[in-house]
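The next block holds one structure in the form of structure tokens; read it before the comments.
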Amino acid sequence: MTEAVRAAADSSEADVCVVGAGPAGLLLGLLLARAGVRVTVLEKHADFLRDFRGDTVHPSTLDVLADLGLGGRVDALPGRRVRELTVTFADGTYRVADFSRLRVAHPYLLFLPQWDLLEMLAAAAAEYPTFTLLRSHEVTDLLVDPAGGPVRGVVATTSTSATPGPAARRVEIRARLVVAADGRNSAVRAALERAGRGLARREFGAPMDVLWFRLPRWPGDPEGLAGQVGAGRLLVLIDRGHYWQTAFVIRKGGRDASVAAGIDALRAAVAGIAPWLADRVGAVADWDDVAFLSVRVDRLRRWHAPGVLLIGDAAHAMSPVGGVGINLAVQDAVAAARLLAGPLRAGAGPDELTRTLARIQRRRAIPTAGTQLLQRAAGRGFIGPTLAADTAVRAPRLVRLLDRAPFLRGLPARVVGVGLRPERVSPAPADHAPIPT
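The sequence shown begins at 1 in the UniProt record's numbering and counts up one residue at a time.
In structure tokens form, the structure reads like this:
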């Protein structure tokens, strides 16, 4: 079916209500619908046309999409394949990761506009009769059993400040399970806290924040994914074809100081780290061209409550180191769909569903904690000292070793591109094939 529009109704029902139509939320909705589960995905915006920074699609995610028969659709999107990561220090440029050494079907990172990926996933999911996507539906609360029972659904409004229109209208989506895939500022998690069912969180800290902006990319520029290291400064450049998606890494809490120093100081800093960009930093006209990411690394001690599961950044906020946040969230979604589909189709009761939610967390907790541990180590051992340095930074011994030993460059590529515990999709039940298109 095409995306169902239920704006005329004040309530609806589903087996599962997924909050957040990002890559993990839409993929979870697709996988559950593929298994014959009635699933409704809520997205607070009217479309996906926003300036995403998380545009990396990793090899393990590409494998999942290929397993679903979506490889051809992905290939048709305007993506940029990157097979190598290099970092430039004061003493030269070094190769630190080589994705072409991975023994996987897709040995590369794919950078593509996330809105294109999301539209493709939404269209694929809409081919299943049990899938519903409701745009312009912002979750404001949970339907909580006053007697202490499980969460029974969500409350949403049908308009937001980003989508002008008639006055907001209250809508209830009743569901046996609510899945929060709505990011580090999760509305579902906030609603649990208001209801007195908050989930404890461990915070690990991070030494940096990030300023994001675009710079023109010209013929003859380097290709791929590149890091540039200067005295007290770090720049990450993502090759997007006609422009560089640029991350200027600053000390934690340094946003106000950067703004106070002025946009000219930012341009000069970029040119100082990467002189070959000096003649194009003027493309950053003012602070409206700069987006800010407050970096956070944390993890819920428990990812679920009766009737609710949290995945991706809603359960574990990741550092941008390695760009692995989307990949971890997608793997959460694949594992959740595989473990939930059977119990949901069999009509499992609240207790059995709660045990299943605990199984999902047990499966995903170790790769999540391990990835965060590596990110924290990179923060302590490299990023923090680099941002504190007041002299030119030379390549560390490990970086020089990776550059000299090609076979070793496959190790960081595997951690970034595949992950510590990749997930694969289960075959679709024979009686729940997609509607022919």
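Heads up, the beta-carbon is just placed ideally off N, CA and C, and yes, glycines get one too.
Note that the coordinates shown come from a computational prediction; the quantities given were computed from them, not determined experimentally.
Taking the beta strand (DSSP E) that residue i falls in, what are its first and last residues?
i, result
"residue 12", "11–19"
"residue 308", "308–310"
"residue 247", "243–251"
"residue 175", "170–180"
"residue 404", "Per DSSP, residue 404 belongs to no beta strand (DSSP E); it is in the alpha helix (DSSP H), 397–404."
"residue 332", "Not the beta strand (DSSP E): residue 332 falls in the alpha helix (DSSP H), residues 325–345."
"residue 227", "225–230"
"residue 139", "138–144"
"residue 85", "84–89"
Report the CB separation of residue i from residue j in whole angstroms; it is logged as a contact under 8 Å.
i, j, result
"residue 173", "residue 40", "6 Å"
"residue 254", "residue 267", "Contact doesn't hold; Cβ gap of about 17 Å is too wide."
"residue 95", "residue 88", "With a Cβ gap of about 11 Å, residue 95 and residue 88 do not count as contacting."
"residue 128", "residue 33", "4 Å"
"residue 339", "residue 360", "5 Å"
"residue 42", "residue 139", "6 Å"
"residue 295", "residue 320", "6 Å"
"residue 176", "residue 16", "7 Å"
"residue 344", "residue 309", "Not a contact, Cβ separation roughly 12 Å."
"residue 37", "residue 341", "6 Å"
"residue 211", "residue 258", "7 Å"
"residue 20", "residue 141", "Residue 20 to residue 141, Cβ: 16 Å. No contact."
Can you list, in chain order, the residues of its chain with a C-beta nearer than 7 Å to that of residue i? Leave out the 5 residues immediately preceding and following it.
i, result
"residue 104", "59, 63 and 418"
"residue 399", "87, 94 and 96"
"residue 91", "394 and 395"
"residue 156", "42, 137, 138, 139, 140, 171 and 173"
Along the chain, where does the alpha helix (DSSP H) that runs through residue i open and close?
i, result
"residue 25", "23–34"
"residue 238", "Note, residue 238: premise wrong, no alpha helix (DSSP H); beta strand (DSSP E) at 233–239."
"residue 156", "No alpha helix (DSSP H) holds residue 156; the beta strand (DSSP E) holding it covers 151–157."
"residue 411", "410–417"
"residue 291", "No alpha helix (DSSP H) contains residue 291, which is instead part of the beta strand (DSSP E) from 291–293."
"residue 259", "255–261"
Consult DSSP for residue i and reduce its assignment to one of helix, strand or coil.
i, result
"residue 127", "coil"
"residue 219", "coil"
"residue 213", "strand"
"residue 98", "strand"
"residue 435", "Note that residue 435 has pLDDT 38, beneath the 50 cutoff, so the model's placement of it is unreliable and no number is given."
"residue 391", "coil"
"residue 300", "strand"
"residue 382", "helix"
"residue 208", "strand"
"residue 197", "coil"
"residue 71", "helix"
"residue 111", "strand"
"residue 163", "Any reading at residue 163 is ruled out, since the residue's pLDDT is 46, under 50, leaving its predicted position unreliable."
"residue 425", "coil"
"residue 279", "coil"
"residue 43", "coil"
"residue 376", "helix"
"residue 105", "coil"
"residue 202", "strand"
"residue 92", "strand"
"residue 359", "helix"
"residue 305", "strand"
"residue 64", "helix"
"residue 188", "helix"
"residue 455", "Outside the shown range of the chain, which is 1 to 437, sits residue 455, and nothing can be said about it."
"residue 133", "strand"
"residue 38", "coil"
"residue 321", "helix"
"residue 80", "strand"
If I measure Cβ to Cβ from residue i and keep anything under 8 Å in the same chain, skipping five residues before and after, which residues do I get?
i, result
"residue 380", "207"
"residue 424", "63, 64, 67 and 334"
"residue 427", "none"
"residue 383", "207, 208, 234, 249 and 321"
Apart from the five residues just before and just after residue i, which ones in its own chain have a Cβ nearer than 6 Å to its Cβ?
i, result
"residue 421", "367"
"residue 442", "This structure cannot settle anything about residue 442, because the visible part of the chain is limited to 1 through 437."
"residue 100", "83 and 107"
"residue 323", "56"
"residue 275", "none"
"residue 376", "204"
"residue 224", "82, 84 and 239"
"residue 13", "174"
"residue 241", "80"
For residue i, verify whether its CB is less than 6 Å away from any heavy atom of the ligand SAM.
i, result
"residue 17", "Looking for the ligand SAM in the displayed structure turns up nothing, as the structure carries no ligands at all."
Are there three or more Cβ pairs, one per stretch, closer than 8 Å when the region 310–318 is compared with the region 180–189?
yes
Given 8 Å, three or more beta-carbon pairs between the region 380–393 and the region 19–38
no
May I ask you to verify whether the region 394–410 touches the region 241–259, counting CB pairs closer than 8 Å and requiring at least 3?
no
Can you confirm whether the region 292–308 touches the region 197–212 when touching is taken to mean that 3 or more C-beta pairs between the two stretches lie within less than 8 Å?
yes
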